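In the UniProt record's numbering, the protein residues as written are 1 to 300.
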């Protein structure tokens, strides 16, 4: 019964031929589309492989991995350097300890003869150093003595220079002494011998420096008479006469006021007034030029 109602199937060849026109356009479209895609993908600068969009992400990952690898290598290098430095320090310390131990072992391993020779050489070196020290000490003492002598000689020379300058009248002086004032004689003019006698009495009384008016009295000083009055070392002396003398005030005053002495003669014979004043600071600023000796020479 089934065979009677079932429609007959078409021939196999006829069915394939009917479906082919509908399938061919779809296949052609797929081929053309894939060809276009491959053509676009193959049109790159390298011309080797298609460009894959996910490659950039992979590149970033590789950059990070490169940085991580570089950082790890830097850390490893630092660790290696630190370990190397530590090893070197340990080796140096070990060498230093070995050197010290070797020195101790050197003395310990030396024979008695070698130790005796070493001690003898050390003692000899110590003796040489002691001799050198003694020699340098003697030189130092000699230099100090010479310096003291030189300083002493310089001090003596300075003192002699000052004394010579004061005695020769080249230097001004001041000190304790007296000031004698003599007025013009009302009975007669005072003569040169009486004035020179006053100078001699002051010298005998210990006067170290003497001046009359503006004249510094020295060993070559003289007093003479002229029509205008007394002359001392080519300088005219005008009354009142002022005589300054540096020395012991008491002795100088006694030398002037001695009974029957110069002051009495000036008063009695010439009618002059003589006054003596004691001073703790007599200033004598008058000086004499350096005298050039024509005949006298220093004995060498």
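Positions of the beta carbon are idealized from the N, C-alpha and C atoms, including for glycine.
Since the structure is predicted, the reported quantities are computational estimates derived from the model, not experimental observations.
Between residue 181 and residue 240, the gap from beta carbon to beta carbon is short of 7 Å. Of the residues 284, 119 and 31, the one whose Cα lies closest to the Cα of residue 211 is 284. In terms of CA proximity to residue 191, 232 leads the group 173, 280 and 232. Sequence-distant partners of residue 262 (beyond 5 residues in either direction) whose C-beta falls short of 6 Å from its own C-beta, in its chain, are 197, 198 and 201. Rounded to the nearest whole angstrom, the C-alpha separation of residue 170 and residue 289 is 6 Å.
Judged by DSSP in its simplified three-state form, residue 124 adopts helix. When C-beta atoms of the stretch 247-256 are compared with those of the stretch 140-155, fewer than three pairs fall below 8 Å, so the two segments do not count as touching.
Under the DSSP assignment, residue 245 falls in the beta strand (DSSP E) whose first and last residues are 241-246. Where residue 277 is concerned, the enclosing beta strand (DSSP E) starts and stops at 274-284. Residue 225: not part of any alpha helix (DSSP H); member of the beta strand (DSSP E) spanning 223-226, first to last residue.
When the five nearest sequence neighbours on each side are left out, the beta carbons in the same chain lying within less than 8 Å of the beta carbon of residue 166 are those of 173, 208 and 209, in order along the chain. Sequence-distant partners of residue 257 (beyond 5 residues in either direction) whose C-beta falls short of 6 Å from its own C-beta, in its chain, are 263. Inside the stretch 190-219, DSSP marks whole beta strand (DSSP E) runs of 3 or more residues at positions 209-212 and 215-217, from first to last along the chain.
Comparing alpha carbon positions, the residue from 94, 112, 286 and 299 closest to residue 217 is 286. Residue range 173-182 is occupied by the beta strand (DSSP E) that includes residue 181.
Nearest C-alpha to residue 282 among 126, 109, 193 and 176: 176. The alpha-carbon of residue 248 is positioned some 49 Å away from that of residue 137. Boundaries around residue 252 are those of the alpha helix (DSSP H), 249-256, since no beta strand (DSSP E) includes it. Straight-line measurement puts the Cα of residue 229 at about 15 Å from the Cα of residue 242. Across the structure, residue 95 and residue 89 are spaced so that their CA atoms are roughly 10 Å apart. Within its own chain, no residue has a Cβ closer than 7 Å to the Cβ of residue 163 once the five positions on either side in sequence are excluded. Taking the Cβ atoms as the reference, residue 270 lies roughly 5 Å from residue 187, within the contact range of under 8 Å. A straight-line Cα-Cα distance of about 49 Å links residue 134 and residue 168. If you check the CB distance, residue 245 and residue 298 do not come in under 7 Å. About 5 Å separates the Cβ atoms of residue 195 and residue 223, confirming a contact at the 8 Å cut-off. Taken through DSSP and simplified to helix, strand or coil, residue 271 comes out as coil.
Counting every other CB atom within 10 Å of its CB across the protein chains shown gives residue 274 a total of 16 or more, marking it as buried. Measuring C-alpha to C-alpha distances from residue 267 to each of 203, 184, 292 and 205 identifies 184 as the nearest.
Taking every protein chain shown into account, the CB of residue 237 has 16 or more other CB atoms within 10 angstroms, so this residue is buried.
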